[in-house]
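Going letter by letter, the sequence shown gives residues 49 to 732 in the numbering used here.
The C-beta atom is built at its ideal place from N, Cα and C for all residues, glycine as well.
A short worksheet on the structure shown next.
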Amino acid sequence: MGKKYSHIMAPLKIGNVILKSRFLSANALPHFLQGPELYPSDAVVDYLINIAKNGAAIITIGDWTNLKQREGFGDGCHFPMWDTRDPALENALTLMVDQLHFFGSKVSIATHLPAPEGYGVYDGEPAGGMPMLSPAEMEEMMEEMAEMMGGDGAPMPFGPPPGSSEPIKAMGLPQMQEYCDTLVKKLKYYVNCGYDMCSIHASYGATLLSKFLSPKYNKRTDEFGGSMENRAKFPIMVARAVKKAFGQDFLVEMQVSGEEEGGITVEDIVEFAKLAEGSIDILQLRAGDGDLAHPTGFNSKPHDPLTLRFAEAIKKSGAKIVTAPIGGFQDLDDIESYIAEGRTDMIGVGRAFICDSRYGEKIAQGRGDDVVPCVRCNRCHGLGMQGPWKSVCTVNPEVGIQHRLHALVQPGTGGKKVAVIGGGPAGMRAALYLKERGHSVTLFEKTGKLGGQLIHADYSSFKWPLRDYKDYLIAQLEKCRVEVRLNTAATPEMIQEEGFDAVIAAMGAVPKLPPVPGLTDDSGKAVEGVYDPIEVYGREQELGKKVVVIGGGEIGMETAMYLAENGHEVTILSRQRKFAADADRVHYYSMFADAWSKMDNLTPVKRATTTAVAPGQVTYTDKNGESHTITCDSIVACGGMAPAQEEALAFADAADTFLIIGDNETTGNVMTATRSAFAAAMRI
Ligand SMILES: Cc1cc2nc3c(=O)[nH]c(=O)nc-3n(C[C@H](O)[C@H](O)[C@H](O)COP(=O)(O)O)c2cc1C
49 MGKKYSHIMA
59 PLKIGNVILK
69 SRFLSANALP
79 HFLQGPELYP
89 SDAVVDYLIN
99 IAKNGAAIIT
109 IGDWTNLKQR
119 EGFGDGCHFP
129 MWDTRDPALE
139 NALTLMVDQL
149 HFFGSKVSIA
159 THLPAPEGYG
169 VYDGEPAGGM
179 PMLSPAEMEE
189 MMEEMAEMMG
199 GDGAPMPFGP
209 PPGSSEPIKA
219 MGLPQMQEYC
229 DTLVKKLKYY
239 VNCGYDMCSI
249 HASYGATLLS
259 KFLSPKYNKR
269 TDEFGGSMEN
279 RAKFPIMVAR
289 AVKKAFGQDF
299 LVEMQVSGEE
309 EGGITVEDIV
319 EFAKLAEGSI
329 DILQLRAGDG
339 DLAHPTGFNS
349 KPHDPLTLRF
359 AEAIKKSGAK
369 IVTAPIGGFQ
379 DLDDIESYIA
389 EGRTDMIGVG
399 RAFICDSRYG
409 EKIAQGRGDD
419 VVPCVRCNRC
429 HGLGMQGPWK
439 SVCTVNPEVG
449 IQHRLHALVQ
459 PGTGGKKVAV
469 IGGGPAGMRA
479 ALYLKERGHS
489 VTLFEKTGKL
499 GGQLIHADYS
509 SFKWPLRDYK
519 DYLIAQLEKC
529 RVEVRLNTAA
539 TPEMIQEEGF
549 DAVIAAMGAV
559 PKLPPVPGLT
569 DDSGKAVEGV
579 YDPIEVYGRE
589 QELGKKVVVI
599 GGGEIGMETA
609 MYLAENGHEV
619 TILSRQRKFA
629 ADADRVHYYS
639 MFADAWSKMD
649 NLTPVKRATT
659 TAVAPGQVTY
669 TDKNGESHTI
679 TCDSIVACGG
689 MAPAQEEALA
699 FADAADTFLI
709 IGDNETTGNV
719 MTATRSAFAA
729 AMRI
């Protein structure tokens, strides 16, 4: 095969089943694509079809049915709970599966079951309920809950964990059999709808089978506890029951952690791979806990996926089981080499299919450089724990509206002459979309460098995914031959004289200082020693050793971390109970908080109201109303951003079409910049 990614696209035969490629698309549906609809929503089906079209050999779909009845909306749609008593559901699922088969993908049902009621892995095992929290985390949670309930003294909205007073009994053989029978019954429903295989969740110590597998959670002393061989018995028994019910060609994948802190080791998982031969076909290899399994810039490095070494160890051992490590795989050249070198058979992917709707097309065309890099923000899990939830992706504006694009986007007719003013994430992305639609595009950037506010990602170690995204945009502009005029402050006259048909203002926003006495002089300018969070990057040497950051939102905390990384002694003051409260909650915040809490030279002070600033000192009032003064060499003051709207509006009559995008219109983030750039470009 002469194709660049021939190993990725090579079929894989497991028994009598042929998989069309080496991509296993894992259970990773952008949250909230499914609402309270009774059947798979158009958004879900279209999303899955696109992955099938894009080359995934296996499409994993969550087990979102409730065998008893529809009881609620779960967490909004992550667990939509389709009602299996409704015969039309079978029809809807069968139709969905048919459409995925259209592209030759196998459809897998991701599932797991809890233990029969009152039973668990071992006698006396703590009952389920709230996860174990440290006293500090508990205090923080209590404070947050109290705040949500409207004041410090409000009661907690829930009681003790459910069933915590009931002693748990160890599952014996009858309960294990019951478990297998119930699982088979559940799977039968899906097999009837055309599903080809199953993926059983046994990772992170989060499910019953993962607890059996792990010495951290399995405290049994009988034949199901102790050695790996014993701990593996029940999970393998389950896999065999599935094979017995549906035949050897019904592939069984098990999702396991390759290594846990204080639990499973790589040696364990290699042994398990050998023991599972013939019963389990594919091992999807995950990290040891949920956060590591959704790596971000805080806990991962470029080109270094954590789980690859689990697969490698299994391959080296000679075990025949098919390996599919997952977590942070996207770069096609890397993936091609991992498979070519025999380090793994397959690759599990979640976010790579989310952040680029044309991932597979680029594989087939050998265009690895054109794949939009995932910035690992995990916003595909939802924006946060409060407020309206919707499916979003920072870098793929099509997520969530993919099924409506036919209504939203008119086919590009091309041929217009368009000026984009501002070379930040919104301007660059708009220019690329416009070029793709066949327009002639000129991008004006008043500084000597493209990137806008993404330039700060060059400086902090944990911002590397965003840096990669910025570099990708710059490289694409060059590749697509967009005319870029650096060091050029566009004027309305210039736009008119050159006869542009359309102008897109993407001039961003400017930092504001918070209203603290002493930060500015009479003319409103920052006094000496006071910086805004944008200007510190690359100039940190000027700041001196001791820095106080005023404002503990996401930008303030990222700036404080950057300074701490560079050896400064940093104190960050926040009026809120929580730092970076505006940061994304799901599979992001915990990693962010973990990273800053490990920095010895960063002191966060919460519920601190800054009252005054004088040369070399900052005064604040703590939560008890006591006043404190900190001496410092410099101050970074974060007061938010103000869109440069007036500058943009100056161009309103410069061309027939005028649009404002990104921060230039409303202060937001890379996600809102990308979405508005897409929408504007699609309207021209
Ligand atoms: C939006 C989203 C939803 C996910 N939902 C689930 C889930 O329901 N069950 C599960 O086991 N893993 C889930 N995952 C984890 C993924 O299957 C995968 O392990 C993880 O995203 C890491 O792979 P990646 O770096 O290729 O995205 C989800 C991931 C994403 C991004």
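So, for residue i: in the same chain, excluding its five sequence neighbours on each side, which residues have a beta-carbon less than 6 Å away from its beta-carbon?
i           : result
residue 499 : 518
residue 55  : 384, 387 and 388
residue 609 : 644
residue 660 : 565, 566 and 667
residue 488 : 465
residue 522 : 498
Pick helix, strand or coil for residue i, following the three-state DSSP scheme.
i           : result
residue 668 : strand
residue 579 : strand
residue 333 : strand
residue 570 : coil
residue 385 : helix
residue 232 : helix
residue 497 : coil
residue 296 : coil
residue 507 : coil
residue 443 : coil
residue 317 : helix
residue 197 : Only weak support is given to the placement of residue 197: the predicted model assigns it a pLDDT of 49, under 50, and the question is left unresolved by the model.
residue 180 : With a pLDDT of 49 at residue 180, under the threshold of 50, the modelled position of this residue cannot be trusted; read the value that follows with caution. Coil, per DSSP.
residue 48  : Here the chain comprises residues numbered 49 to 732, so residue 48 is not present and cannot be evaluated.
residue 168 : strand
residue 156 : strand
residue 651 : strand
residue 122 : For residue 122, the predicted structure reports a pLDDT of 48, less than 50, and the residue's modelled location is therefore unreliable. The matter cannot be settled from this model.
residue 303 : strand
residue 402 : helix
residue 540 : helix
residue 372 : strand
Rounding to the nearest angstrom, what Cα-Cα distance links residue i and residue j in this structure?
i           : j           : result
residue 169 : residue 683 : 54 Å
residue 728 : residue 687 : 29 Å
residue 336 : residue 162 : 20 Å
residue 62  : residue 329 : 7 Å
residue 71  : residue 455 : 31 Å
residue 566 : residue 654 : 21 Å
residue 541 : residue 445 : 33 Å
residue 355 : residue 494 : 44 Å
residue 309 : residue 621 : 33 Å
residue 236 : residue 284 : 19 Å
residue 533 : residue 497 : 10 Å
residue 139 : residue 274 : 45 Å
residue 416 : residue 503 : 23 Å
residue 145 : residue 101 : 13 Å
residue 222 : residue 232 : 15 Å
residue 638 : residue 548 : 47 Å
residue 68  : residue 558 : 50 Å
residue 581 : residue 603 : 7 Å
residue 636 : residue 463 : 42 Å
residue 575 : residue 569 : 6 Å
residue 57  : residue 593 : 53 Å
In its own chain, which residues sit with a C-beta less than 7 Å from the C-beta of residue i, not counting the 5 before and 5 after it?
i           : result
residue 259 : 169, 253, 265 and 266
residue 543 : 467, 551, 699, 702 and 703
residue 478 : 468, 552, 554, 709, 725, 728 and 729
residue 363 : 371, 390, 391 and 392
residue 586 : 507
residue 670 : 655, 656 and 676
With a threshold of 8 Å on Cβ separation, who are the neighbours of residue i within its own chain once the five nearest residues in sequence on each side are excluded?
i           : result
residue 450 : 91, 94, 95, 98 and 405
residue 400 : 377, 378, 407, 419 and 422
residue 311 : 253, 262, 263, 264, 265, 305 and 336
residue 291 : 298, 300 and 327
Any beta-carbon of chain D closer than 8 Å to the one on residue i?
i           : result
residue 573 : Annotation note: the requested chain D is absent from the structure, which comprises a single protein chain.
Point to revise | alpha helix (DSSP H) runs contained entirely in the stretch 579-636, provided each spans 4 or more residues | key: 602-613
**Study point:** Those runs of the beta strand (DSSP E) which lie wholly inside the stretch 58-114 and span at least 3 residues
**Key:** Listed in chain order, they are 60-62, 65-67, 71-73 and 106-110.
Point to revise | Segments of 3+ residues assigned as beta strand (DSSP E) that fall wholly inside the stretch 228-286 | key: Runs of the beta strand (DSSP E) inside the stretch 228-286: 245-250.
Exercise for review: Can you check the stretch 655-729 for any alpha helix (DSSP H) of at least 4 residues that lies completely inside it and give the ranges in chain order?
Suggested key: 693-697
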